Amino acid sequence: MSITAEETRERMEHFVEACRRAGVKLTHQRLEIFREVARTTAHPDAITVYRGVRRRIPTVSLDTVYRALATMVELGVLSTLGSSREKVRFDANTRPHHHFVCVRCGIIRDFYSDSLDQLATGEELEDVGRVESAHVELRGICSNCASQAIQD
Ligand SMILES: [Zn+2]
Ligand SMILES: [Zn+2]
447 MSITAEETRE RMEHFVEACR RAGVKLTHQR LEIFREVART TAHPDAITVY RGVRRRIPTV
507 SLDTVYRALA TMVELGVLST LGSSREKVRF DANTRPHHHF VCVRCGIIRD FYSDSLDQLA
567 TGEELEDVGR VESAHVELRG ICSNCASQAI QD
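Residue numbers for the sequence shown follow the working numbering, beginning at 447 and rising by one.
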């Protein structure tokens, strides 16, 4: 699943700008590693990013990919999803958005919703803290998996 070339370009510019501001060296490898996350809506994990980058840069190591992704998260150009270390997935979409997770194939898709952005929470959170933003994760069967189920 790919996004528009225009959107990828915007994400790349955002990354280049963030590196420049933070004084992080913009290497060819880092650029290609970021591109691998930025060009897709699939929220890839580190192994998937590594496999994609290796097709263009055969000498890249998995360790380099891990470290570069960690740097990008620190820079705020990527966010992470998931909890266990192996299954951390990376997201180059820095606009406020929500996720639909398919419980069958594991695909994670972005979607936008004004009402979810302004999720009304009441007194149940009073003792917990003040809400600054909302991220909702919905789980279900994606349309792709649903149509396969019909064919089976
Ligand atoms: Zn699915
Ligand atoms: Zn996302």
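Every residue, glycine too, gets a C-beta built ideally from N, C-alpha and C. Since the model is a prediction, treat every value here as computed from it, not as a measurement.
Take every Cβ of the region 505-523, pair it with every Cβ of the region 458-475, and state whether three or more of those distances are shorter than 8 Å. yes
For S561, the nearest candidate out of L571, H581, Q475, R550 (CA to CA): For this step, residue 561 is matched to residue 115 along the sequence shown. Per the Cα distances, H581.
Would a C-beta distance cut-off of 8 Å place V495 and Q475 closer than the cut-off? In the sequence shown, counting from the first residue as 1, residue 495 sits at position 49. In the sequence shown, counting from the first residue as 1, residue 475 sits at position 29. Their beta carbons are not under 8 Å apart, which means V495 does not touch Q475 by this criterion.
For the candidate residues T517, P504, L584, S579, whose alpha-carbon lies nearest to that of K471? Here residue 471 refers to the residue found at position 25 of the sequence shown. If we check each option's Cα against that of K471, T517 comes out closest.
According to the neighbour-count rule (16 or more other Cβ atoms, all chains shown, within 10 Å of its Cβ), is D509 buried or exposed? Against the sequence shown, residue 509 aligns to sequence position 63. With fewer than 16 other Cβ atoms within 10 Å, it is exposed.
Quick one, which of F546, P490, F461, R500 has its alpha-carbon nearest D537's? For this step, residue 537 is matched to residue 91 along the sequence shown. Taking only the C-alpha atoms, the option nearest D537 is P490.
In whole angstroms, give me the CA-to-CA distance for S593 and E570. In the sequence shown, counting from the first residue as 1, residue 593 sits at position 147. In the sequence shown, counting from the first residue as 1, residue 570 sits at position 124. The straight-line gap from Cα to Cα measures roughly 39 Å.
DSSP state of E443 mapped onto helix, strand, coil: No information on residue 443 is available, as it lies outside the stretch 447 to 598 that the chain covers here.
What is the DSSP secondary structure of T454, counted as helix, strand or coil? In the sequence shown, residue 454 corresponds to position 8, counting from 1. Three-state result, T454: helix.
Backbone secondary structure at S579 - three-state DSSP: Against the sequence shown, residue 579 aligns to sequence position 133. Correct three-state label for S579: coil.
Kindly list the residues whose CB is nearer than 8 Å to the CB of K533, restricted to its own chain and excluding five residues on each side of it in sequence; keep chain order. In the sequence shown, counting from the first residue as 1, residue 533 sits at position 87. Only D491 meet the Cβ criterion.
Is I479 buried or exposed, if buried means 16 or more other CB atoms sit within 10 Å of its CB? In the sequence shown, residue 479 corresponds to position 33, counting from 1. The residue in question, I479, is buried, as its Cβ has 16 or more Cβ neighbours within 10 Å.
Pair within 8 Å by beta-carbon distance, T487 and R541: In the sequence shown, the residue the question calls residue 487 occupies position 41. In the sequence shown, the residue the question calls residue 541 occupies position 95. Contact: no.
Assuming the contact rule is C-beta atoms closer than 8 Å, E583 and V547 should be a hit. Round their C-beta distance to whole Å, please. On the sequence shown, position 137 is the one that residue 583 refers to. On the sequence shown, position 101 is the one that residue 547 refers to. Confirmed, Cβ separation roughly 6 Å.
Report the residue ranges of all beta strand (DSSP E) runs contained in full by the region 518-571; include only those spanning at least 3 residues, in chain order. 525-527, 535-537, 544-548, 554-557
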